[in-house]
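Start counting at 1 in the sequence shown, then tack on 13, and there's your number in my numbering.
Structure record follows, encoded as structure tokens.
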Amino acid sequence: MNGISLTRYLIEEQRSKAQIGADLRLLIEVVARACKTIAIAVGKGGLGDALGDAGTGNIQGEAQKKLDVLSNEILLEANEWGGHLAGLASEEMDHPHPIPGQYPKGGYLLLFDPLDGSSNIDVNVSVGTIFSVLRCPEGMTGAEDEAFLQPGTTQVAAGYCVYGPSTILVLTLGNGTHAFTLDRELGSFRMTGRDLQIPADTKEFSINASNARFWEAPVKRYVNEMLDGKEGPRGKDFNMRWVASMVADVHRIVTRGGVFLYPMDSKLKDKGGKLRLMYEANPMAFIIEQAGGAATTGRERIMDIRPTKLHQRVPVILGSKNEVERVTEYHAEG
Ligand code: AHM
Ligand code: MG
């Protein structure tokens, strides 16, 4: 079945398993189309006058890159008129973006980090888009923060698009995790991986080691044991990889296994963590679990968290199941 288009995959899902309706199919197609547009902007690099700072900041006090702002606009414009959404929320916007009055409204909510890994844009390293789809609760308009505050277990779809040497969309509709590579000549996404499976064991880990002195004891123990290699309690050598674009780091794990950690540390305590629950941790957790992996804060399954704030941050540990379970045990032991 390799090589079918994203459109065909979605139509077959709609037909055979009644997994998705026409609205959700349209939504995914529109997001994929927006990702193609972002891929073109990212690919132009310095030719497009899109590199560098936008000179603005987002609600989290982070400086926005021009491509952060552009990608956000591309996703908003693509999605607001189709009639499939009740509202949109983004890492780059303080509050949800309501559907403009002249357009029909639908039953879904779309959340996204339009361009994750912004620090890598100017140095030509992979960046990506992450998205999550929820149902708009009864009695809400989709313009209020509260409509979006649902645990990850309620997601109906999630995905990311990595803009690397090739552009790859990884998607779950709750029925496995699948990869689609952009055929640049045809301009369409074609399936290049069905039912991706993350190996339960791994010899590769991913963490920003410059934060080591701020980590909590269970994470220090876990990482130190890996660093001790063959001679240590793990009895094997580990390799380390850190792209600093979550999308790229997660894509490596989805492709060949591994464990990714952005754990709690003493300088992140006030914020709750580094990565955002609603449009980074939850969609990635859904994708990872659908590929046989696991995702936790160290103390709680990511998708079980009851969100209290749209821009809430959480610690994230995800990837190969046996590794995630081991870190979780270390947290439980204190
Ligand atoms: P961003 O959404 O502002 O790009 O921030 C999220 C990124 C993740 O992609 C990545 O895992 C992390 O921040 C990198 O952090 P660090 O600067 O500690 O390497
Ligand atoms: Mg991000």
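All C-beta atoms, glycine included, are put in the ideal place defined by N, C-alpha and C.
- Message: Rounding to the nearest angstrom, what Cα-Cα distance links residue 163 and residue 240 in this structure?
- Response: 38 Å
- To which residues does DSSP link residue 228 through a beta bridge? 278
- Grab me the residues of residue 210's own chain with a C-beta within less than 8 Å of its C-beta, minus the 5 sequence neighbours each way, in chain order. 304, 305
- Message: So, for residue 307: in the same chain, excluding its five sequence neighbours on each side, which residues have a beta-carbon less than 6 Å away from its beta-carbon?
- Response: 334, 337
- Per DSSP, which one or two residues make a beta bridge with residue 196? 201
- Item | Beta-carbon proximity list for residue 281, same chain, < 7 Å, skipping 5 on both sides | 287
- Message: Between residue 229 and the ligand AHM, is there a pair consisting of the residue's CB and a ligand heavy atom that are separated by less than 7 Å?
- Response: no
- Task: Between the Cα of residue 43 and those of 95, 157, 112, 165, spot the shortest distance and give me the residue it belongs to.
- Result: 95
- Message: Is any non-hydrogen atom of the ligand AHM found closer than 7 Å to the C-beta of residue 290, if you look at the structure I gave you?
- Response: no
- Task: Give me the Cα-Cα distance between residue 267 and residue 332, rounded to the nearest whole angstrom.
- Result: 8 Å
- Message: Closer than 7 Å to a non-hydrogen atom of the ligand AHM - does that hold for the CB of residue 258?
- Response: yes
- Item | Pair within 8 Å by beta-carbon distance, residue 165 and residue 299 | yes
- Report yes if the C-beta distance between residue 260 and residue 129 is below 8 Å; otherwise report no. yes
- Nearest residue (CA-CA) to residue 223, options 274, 168, 347, 86: 274
- How about the stretch 102-119 and the stretch 231-250: do they share at least three Cβ pairs that are nearer than 8 Å? no
- Tell me whether the beta-carbon of residue 107 lies closer than 8 Å to the beta-carbon of residue 72. yes
- Query: residue 67 to residue 271, Cα distance in whole Å?
  - Reply: 34 Å
- Item | Unbroken stretches of the alpha helix (DSSP H), 4 residues or longer, contained in the stretch 79-148 | 79-92
- Query: At what residues does the beta strand (DSSP E) containing residue 217 begin and finish?
  - Reply: 217-219
- Query: Quick one, are the C-beta atoms of residue 169 and residue 147 less than 8 Å apart?
  - Reply: yes
- Counted within 10 angstroms of its Cβ, other Cβ atoms place residue 277 as buried (16 or more) or exposed: buried
- Query: According to DSSP, is residue 70 helix, strand or coil?
  - Reply: strand
- Query: Nearest to residue 229 by alpha carbon, out of 203, 340, 28?
  - Reply: 340
- Task: Quick one: which unbroken alpha helix (DSSP H) runs of 4-plus residues sit fully inside the stretch 250-297? Chain order, please.
- Result: 259-269
- With DSSP collapsed to three states, give me the class of residue 327. strand
- Message: Considering Cα atoms alone, identify which of 56, 226, 279 is closest to residue 136.
- Response: 56
- Cutoff 6 Å; reference residue 190; Cβ partners in own chain excluding five residues on either side: 209, 300, 303, 304
- When 207, 201, 153 are compared against residue 188, the one with the closest alpha-carbon: 207
- Query: Which residues share a DSSP beta bridge with residue 182?
  - Reply: 174, 193
- Would you check if the distance between the CB atom of residue 124 and the CB atom of residue 161 is smaller than 8 Å? yes
- For residue 279, is the beta carbon positioned less than 7 Å from some heavy atom of the ligand AHM? no
- When the Cα atoms are used, what is the spatial distance from residue 40 to residue 231? 41 Å
- Task: Label residue 14 either buried or exposed according to how many other C-beta atoms from any shown protein chain fall within 10 Å of its C-beta, with 16 as the threshold for buried.
- Result: Confidence at residue 14 is low in this model, with a pLDDT of 46, below 50, so the placement of that residue should be treated as unreliable; the coordinate-derived value is given next. With fewer than 16 other Cβ atoms within 10 Å, it is exposed.
- Message: the ligand AHM and residue 221: does any heavy atom of the ligand fall closer than 7 Å to the residue's C-beta?
- Response: yes
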